[in-house]
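Working notes, structure below.
Residue numbers (UniProt numbering): 1 to 348.
Right under this line is the structure:
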């Protein structure tokens, strides 16, 4: 018997989740759409070209929800597998498994980006320029507000959430996890070891677990009222870009509304027949790890080819950098990484 659920009030206690018997194509498609949005948000890490300041407005909208939605998906899969129910005796094994899955790519690809930027800056301008080798290492692992490889923060935050969730869940259930996440969001920790990113995003991982335990109720609501969810989601994004919604309130509002809007969309109409999100979803890890490197290489190639970082040429950079951020990692996976077992596992 689940003692944690048995001691909770009826409105909190939930039936034990069972591992899914088949792939959840709605979640796979959602991962594919989410990783495409992540890549699109990464094509301009610094300032856009002069005259293309409109990009900052679009980037503000993207960053208000894209990683919250990714953490929600991670929490949902975690919850559907029932990993939050891991007993105390099983925590060392879980921690070891999650560390083996998430920490090697965190360190390896963080270092790869750092050394790549140190080499590339000798020839072209790079975004988030590292402060030398020692300074770059310090910022990558400790003073992370200046990290030269900011994109790897998700792996660290996911690792911490994965090992923190089970002991908290066993005491206060998924609603308690959400409350803890909201309390973390109210804090303002320093940008050390990505503590600020953890505080701002842990709530969405918790919401994913909570939603997974109640998806029989929630998923029909996502699809039945999809138009209303999208209206509310668009209103929140507009309020973020042009209005009074900002900071953590923007992240919470847009992040929450993106969940029924995007997840619901993956379950209706012609979207359920789309194949490209399944392809991107199956490659989401390798795309996540390599997209910023691929974007940087493509940007440097365009500039060296005479297509400058200007407002007029920005319309060439946008599709080329987006395509490079998606396709080059997939190509590298198929041609190179699959031949190296340790890298194949790390990027799958």
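Quick reminder that beta carbons are idealized off the backbone N, C-alpha and C, glycines included.
Predicted model, so just to flag it, every value in this text is computed and none were measured.
For residue i, three-class secondary structure by DSSP
i, result
"residue 192", "strand"
"residue 147", "coil"
"residue 64", "coil"
"residue 125", "coil"
"residue 17", "Only weak support exists for where residue 17 lies, its pLDDT of 46 falling under 50; the value from the coordinates is given anyway. Coil at residue 17, not helix or strand."
"residue 7", "Annotation note: pLDDT 42 at residue 7 (below 50); position unreliable, no value reported."
"residue 162", "helix"
"residue 221", "helix"
"residue 136", "helix"
"residue 74", "helix"
"residue 142", "coil"
"residue 35", "helix"
"residue 245", "coil"
"residue 131", "coil"
"residue 83", "helix"
"residue 168", "helix"
"residue 187", "coil"
"residue 214", "coil"
"residue 30", "helix"
"residue 49", "coil"
"residue 197", "helix"
"residue 43", "coil"
"residue 207", "helix"
"residue 340", "coil"
"residue 240", "helix"
"residue 24", "coil"
"residue 347", "coil"
"residue 1", "Only weak support exists for where residue 1 lies, its pLDDT of 39 falling under 50; the value from the coordinates is given anyway. DSSP places residue 1 in coil when its eight states are reduced to three."
Cβ-Cβ distance between residue i and residue j below 8 Å
i, j, result
"residue 117", "residue 148", "yes"
"residue 40", "residue 258", "no"
"residue 161", "residue 109", "no"
"residue 187", "residue 203", "no"
"residue 391", "residue 303", "Within the shown structure, residues of the chain are numbered from 1 to 348, placing residue 391 beyond reach of any answer."
"residue 337", "residue 328", "no"
"residue 71", "residue 201", "yes"
"residue 26", "residue 234", "no"
"residue 83", "residue 167", "no"
"residue 333", "residue 283", "yes"
"residue 120", "residue 311", "no"
"residue 30", "residue 88", "no"
"residue 346", "residue 130", "no"
"residue 293", "residue 113", "yes"
"residue 150", "residue 128", "yes"
"residue 192", "residue 75", "no"
"residue 253", "residue 245", "yes"
"residue 35", "residue 331", "no"
heavy atom of the ligand FMN below 7 Å from residue i C-beta
i, result
"residue 62", "Absence of the ligand FMN from the depicted structure is noted, as is the absence of any ligand whatsoever, leaving it without description."
Cβ contact (3+ pairs, closer than 8 Å) linking the stretch 236-246 and the stretch 49-69
yes
Is it a yes or a no for the stretch 248-258 touching the stretch 287-300, going by three-plus beta-carbon pairs under 8 Å?
no
Quick check on the DSSP output: what are the complete alpha helix (DSSP H) runs of length 4 or more inside the stretch 250-322, in order along the chain?
276-282 and 284-304
Quick check: the stretch 171-183 against the stretch 221-229, are at least 3 beta-carbon pairs closer than 8 Å?
no
Please determine if the stretch 153-165 and the stretch 194-206 are in contact, where contact requires at least 3 C-beta pairs separated by less than 8 Å.
yes
Touching or not, the stretch 310-321 and the stretch 263-283, by the rule of three or more beta carbon pairs under 8 Å?
no
Would you call the stretch 280-288 and the stretch 26-41 in contact, with 3 or more CB pairs under 8 Å?
yes
Inspect the CB distances between the stretch 137-151 and the stretch 76-93 and report whether three or more fall short of 8 Å.
no
Quick test of the definition: if touching needs 3 or more C-beta pairs under 8 Å, does the stretch 210-217 touch the stretch 70-84?
yes
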